[in-house]
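For the sequence shown, this note's numbering gives the first residue as 24, with consecutive numbering after it.
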Amino acid sequence: MPAQASLLDSARGKNYDAINKVITDKQGDEATEEIERWASRVTSSADPKAQTSVYYDADSSTYVIRVARGMRILLFRLSEAQVRTPEREAECEKTLRRKIKDLSL
24 MPAQASLLDS ARGKNYDAIN KVITDKQGDE ATEEIERWAS RVTSSADPKA QTSVYYDADS
84 STYVIRVARG MRILLFRLSE AQVRTPEREA ECEKTLRRKI KDLSL
């Protein structure tokens, strides 16, 4: 019986993790690399010609995302809460895709 309970707990954990995805569980400069990988993945699927970079602004506790396409550059910010809160990855991805679309117009 304990093996079944362990298996059930494991399955529940996997479902919980899939539903409650966060971009990163790190904070500050330590999170920048993970956020940049995430942003690059989203950007390349939305517009292969666009490039993305990220830096952490400690004064405002935000991540500045720079999206470039040719000579055009767009900057916007995501808060630490946005990138670390469960279930907000989809919201952040939607925002990034909208910014890429705006840049391409």
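The beta carbon of each residue, even a glycine, is placed where N, CA and C say it ideally should be.
Values in this document were obtained by computation on a predicted structure and should not be read as measured data.
Could you spell out the range, first to last residue, of the alpha helix (DSSP H) harbouring residue i?
i: R121; result: 112-127
i: D48; result: Premise fails: D48 is in no alpha helix (DSSP H) and is neither H nor E.
i: D52; result: 52-69
How many angstroms separate the CA atom of residue i from the CA atom of residue j?
i: L97; j: T75; result: 10 Å
i: V77; j: V45; result: 17 Å
i: M94; j: K124; result: 15 Å
i: K49; j: R120; result: 23 Å
i: Q105; j: R111; result: 6 Å
i: R217; j: T85; result: Here the chain has residues from 24 to 128 only, and residue 217 is not among them.
i: A113; j: V65; result: 11 Å
i: S102; j: A91; result: 20 Å
i: A81; j: A54; result: 12 Å
Per DSSP, residue i forms a beta bridge with which residues?
i: T75; result: V90
i: D80; result: T85
Say yes only if the C-beta of residue i is nearer than 8 Å to one or more non-hydrogen atoms of the ligand ADP, and no if none qualify.
i: S102; result: Among the ligands in the structure shown, none appear at all, so the ligand ADP cannot be discussed.
How many whole angstroms separate the CB atoms of residue i and residue j, which I take to be in contact at a CB cut-off of 8 Å?
i: R107; j: T47; result: 7 Å
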